[in-house]
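See structure below.
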Amino acid sequence: MYRNLIKVAKDVVKLANKRDKDRRENNTFKIISLADIQISDEVDLLSKQIVELLMKLNRDEVIALQTIMYLGRENNVEQKSPDEIFFTRFDEVKSSSQDSKEIEVLYMVDKPLGEYLTEGYRILGIKL
């Protein structure tokens, strides 16, 4: 399942890395007041593009990418085959996930998704 998502993951990583780089280098968060934060148009556009890519997937595919995101975030390398690592974690994530696909996607977009997906796929033996 996760191998079928490599192209989408590469596209998401590319957009997320560009967005995160723009956030860091251009100081895109400008505080207008304590209650109001403005995000640059470029960061907003890139985030919307990531959401559009992820929303084209079915819920199980979103959960699969979320599983890889968690693997990359936790960075636990187990002495199992990539399939065993993925499917064990996928079953856990899927059983605990009660939210709609839309909410799961929005949850993912707020994370350093490029970094986490790249590392998660690396743990599964795939270079993005």
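Numbering-wise, the numbering used here puts 125 at position 123 of the sequence shown, and it's gapless, one number per residue.
The C-beta atom is built at its ideal place from N, Cα and C for all residues, glycine as well.
- Across the set S102, R91, N6, V45, the C-alpha of R91 shows the shortest separation from the C-alpha of N78.
- Three or more beta-carbon pairs separated by less than 8 Å link the segment 100-112 to the segment 60-78, which places the two stretches in contact.
- Out of V15, K16, I125, D22, the CA that lies nearest to the CA of K82 is found in I125.
- By the beta-carbon neighbour count (other beta carbons within 10 angstroms, threshold 16), M71 is buried.
- Judged by DSSP secondary structure, G116 falls within the alpha helix (DSSP H) whose first and last residues are 115-125.
- The C-beta of L17 has 16 or more other C-beta atoms within 10 Å across all chains shown, which makes the residue buried.
- In the three-state DSSP reduction, I128 falls in the coil class, being neither helix nor strand.
- For K103, the enclosing alpha helix (DSSP H) starts and ends at 103-111.
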